[in-house]
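S.K.:
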Amino acid sequence: MRLIFILALLAFPIAEIWTLISLFQQYGWWVLLYLVTMILLGLQLIRDEKLLFSGRMRQSLSQDVNPMKAMFSSARNITAGILLIIPGVLTDVIAVILLLMPADKNAIKSHMSKQQAANDDVIEGEFHRENEE
Numbered sequence: 000m001r002l003i004f005i006l007a008l009l010a011f012p013i014a015e016i017w018t019l020i021s022l023f024q025q026y027g028w029w030v031l032l033y034l035v036t037m038i039l040l041g042l043q044l045i046r047d048e049k050l051l052f053s054g055r056m057r058q059s060l061s062q063d064v065n066p067m068k069a070m071f072s073s074a075r076n077i078t079a080g081i082l083l084i085i086p087g088v089l090t091d092v093i094a095v096i097l098l099l100m101p102a103d104k105n106a107i108k109s110h111m112s113k114q115q116a117a118n119d120d121v122i123e124g125e126f127h128r129e130n131e132e
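Positions 0 to 132 (numbering that gives the first Met the number 0) are the ones given, in order, by the sequence shown.
In structure tokens, the structure reads:
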């Protein structure tokens with residue numbers, strides 16, 4: 000398992016470099032313009048997310064809503080921004096997939112429902128029977 004993980008980590012940069020070289024051979028300097036544009040977009044995404052994060056957290060806390068959704072969406076956007084900054088087409092594709100993926104409300108709700116009781120009338124506990132002899 001470790002060997003597969005290490006090989007995948009080594010293969011990813013090689014695939015990125017190979018993709019960039021083949022695109023540069025086809026399109027020339029337009030690829031460099033594309034990379035610079037993606038870096039600027041990634042920096043702008045991180046800057047905007049840094050400004051919006053505190054507002055989202057304040058809003059969710061003032062409305063007594065679970066702040067995990069705001070934290071997950073901000074983490075997703077910052078991760079996408081970092082992937083856009085890293086030069087390469089494959090990382091840009093992963094970043095776009097992250098940005099287009101909707102926030103999964105059901106996963107967050109199911110995680111929080113495990114921590115809270117579904118019915119306030121239920122009292123949880125343990126019991127054991129003693130044999131009467």
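Built from N, CA and C at the ideal position, the CB exists for glycine as well. Just so you know, these numbers come straight off a predicted model, no measurement behind them.
(1) How do the stretch 62-70 and the stretch 8-16 stand: do at least 3 beta-carbon pairs fall below 8 Å, yes or no?
(2) Once the 5 residues before and after Q43 are set aside, which same chain residues still bring their CB inside 6 Å of it?
(3) Between L83 and E15, what straight-line distance do the alpha-carbon atoms span, to the nearest angstrom?
(4) Return the CA-CA distance between G99 and V92, expressed in angstroms with no decimal places.
(5) What residue from I85, S73, V88 has the CA that sits closest to L50's CA?
(6) Could you check if G87 is buried or exposed, using at least 16 other CB atoms within 10 Å of its CB as the buried criterion?
(7) Nearest to R57 by CA position, among L97, I45, M70, is which residue?
(8) For Y26 and W17, what's the separation of their Cα atoms in angstroms?
(9) Cutting at 8 Å between CB atoms, please list the residues of its own chain near L89, excluding the five before and the five after it.
(10) CB-CB under 8 Å to I38, same chain, minus the five flanking residues each way: which ones, in chain order?
(11) Whose C-alpha, out of F4, G41, W29, is nearest the C-alpha of G80?
(12) Helix, strand or coil: how does DSSP classify G37 here?
M.R.: Quick answer:
(1) no
(2) As a first step, residue 43 must be located in the sequence shown, where it is residue number 44. Closer than 6 Å at Cβ, skipping near neighbours: no residue.
(3) Along the sequence shown, read from residue 1 onward, the residue named residue 83 stands at position 84. Along the sequence shown, read from residue 1 onward, the residue named residue 15 stands at position 16. For L83 and E15, the distance between alpha carbons rounds to 13 Å.
(4) Counting from 1 along the sequence shown, the entry for residue 99 is found at position 100. Counting from 1 along the sequence shown, the entry for residue 92 is found at position 93. One point to set straight first is that residue 99 is Leu, not Gly, in the sequence displayed. If you take the alpha carbons of L99 and V92, they lie about 11 Å apart.
(5) Your numbering for residue 50 matches position 51 in the sequence shown. With distances taken between Cα atoms, L50 lies closest to S73.
(6) Taking the sequence shown and counting its residues from 1, one reaches residue 87 at position 88. Answer is buried; the Cβ neighbour count reaches 16.
(7) The residue you call residue 57 lines up with position 58 of the sequence shown. Out of L97, I45, M70, M70 has the C-alpha closest to the C-alpha of R57.
(8) Position 27 of the sequence shown, counting from 1, holds the residue named residue 26. Position 18 of the sequence shown, counting from 1, holds the residue named residue 17. Their backbone Cα atoms lie some 14 Å apart in a straight line.
(9) Along the sequence shown, one-based indexing puts residue 89 at 90. Only F11, A14, E15, T18 meet the Cβ criterion.
(10) Start at 1 with the first residue of the sequence shown, and residue 38 comes out as number 39. Excluding positions up to five away in sequence, the list reads L83, I84, P86.
(11) Your numbering for residue 80 matches position 81 in the sequence shown. It is G41 whose Cα lies nearest to the Cα of G80.
(12) What you label residue 37 is simply residue 38 of the sequence shown in a count that begins at 1. This sequence places Met at residue 37; Gly is not what is there. Three-state result, M37: helix.
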